[in-house]
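In what follows, a structure is listed as structure tokens, so that the remarks can point back to it.
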Amino acid sequence: MNYKETLKSIDTEKALGLIGIEFESQGAYAKFACPQPNCDCKAAIKEYGDKKNLYYCPKCKSSGHIISLVMKIKDIDWDAANEFLLKARSNHAKRITEELNINYELFYNDFIKSKGIEEEMCKLLEIGVPKGKTMLAGSVAFAVRDTKGMKVAYYGIKMKDGKAVFHNSFNPELYLYNFCNIDFSEPVHFTTDMFRCVYNIESGRQCVCNFGLPYLSDTQLELLHQVEHIVLLVDEPLVKPLAIQMAENKMNYFRFE
Ligand SMILES: [Zn+2]
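What follows is the structure in structure tokens.
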């Protein structure tokens with residue numbers, strides 16, 4: 627593997643764990659203590675997509691990638707660091723090929739209601755708070771289906787802090803929520819917010835969501851390519867980066883709302 631492939635295939639959180647670095651995951655980034663000896667700031671390393679596994683410290687401006695970080699922390703050379711990182715190869719880079727055999731008993735509650743989503747919609751799309759001790763306890767779980775409608779995972783959003791929670795076998799970059807229900811010839815709304823997505827579906831619009839990622843992955847762009855008319859329902863900071871991505875990928879007609 628060349629080093630770019632290595633960077634793409636390494637699971638950032640797994641790698642940080644292996645070298646004993648504590649981190650806090652925030653969206654597409656993991657934040658950790660800057661490796662520069664005299665710096666007390668947090669560096670951020672990208673966990674997904676473009677610039678994956680590259681880090682940067684906003685204070686001392688030091689930067690690098692996961693391989694150089696391993697070399698530094700473990701005091702080993704390039705080859706040894708690469709070898710070491712094989713253990714942190716992502717095991718969820720693949721599309722899921724078998725139907726999920728977990729069926730949570732899901733409950734509707736006031737939290738979901740506060741998002742403007744009705745119970746009927748939750749039943750239809752399999753959304754709710756799972757009963758009992760599961761990885762997604764305390765979260766609103768959304769059943770995720772692939773392009774053919776096969777259930778592949780549950781994607782959870784913690785009610786207390788809005789953080790995402792899902793099993794390692796699921797890679798959100800490979801899917802778009804609700805894409806299996808889309809009629810390509812009609813306008814399709816896109817949002818990064820799961821609740822907003824369901825709210826729009828309930829309002830009679832076609833809507834898909836990229837599970838809160840702050841960008842569109844290659845697979846997600848490929849999926850959207852089939853759509854004739856895309857309407858982007860995204861927050862202000864994402865308008866420009868998404869517009870650039872869409873233009874670069876020669877999207878069909880798209881507009882922001
Ligand atoms: Zn620093």
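The opening position of the sequence shown corresponds to residue 627 in my numbering, with each subsequent residue numbered one higher. Positions of the beta carbon are idealized from the N, C-alpha and C atoms, including for glycine.
Beta-bridge annotation (DSSP): SER689 is paired with TYR682. In this structure, ALA670 has its beta carbon at no less than 7 Å from each heavy atom of ligand 1. Per the coordinates, the alpha-carbon of LEU712 lies some 21 Å from the alpha-carbon of PHE658.
In the DSSP assignment, GLN652 is bridged to TYR655. Cβ neighbours of LEU732 within its own chain (closer than 8 Å, five residues either side excluded): CYS748, GLU752, ILE753, GLY754, VAL755, PRO756, LYS757, ALA767.
An exposed status is given to PHE810, since fewer than 16 other beta-carbon atoms sit within 10 Å of its beta-carbon. Less than 8 Å divides the Cβ of ALA656 from the Cβ of LEU642.
The three-state reading of DSSP puts ARG831 in coil, since its state is none of H, G, I, E or B. Secondary structure at LYS777: strand, using DSSP grouped into helix, strand and coil. Distances between the C-beta of GLN662 and the heavy atoms of ligand 1 include at least one below 7 Å. One alpha carbon belongs to HIS815, the other to ASP861, and they sit about 13 Å apart. In the displayed model, PHE837 falls within coil according to three-state DSSP, outside both helix and strand. Distances taken from the Cβ of SER688 to the heavy atoms of ligand 1 include one shorter than 7 Å. Residues of the same chain with a CB within less than 6 Å of the CB of ILE702, apart from the 5 flanking positions on each side, do not exist.
In the DSSP assignment, LYS876 falls outside any alpha helix (DSSP H), carrying neither H nor E. Counting only runs of 3+ residues, the beta strand (DSSP E) found wholly inside the stretch 802 to 829 occupies 814 to 817, in chain order. Residue pairing by DSSP leaves ARG721 without any beta bridge partner. For GLY754, the enclosing beta strand (DSSP E) begins and ends at 753 to 756.
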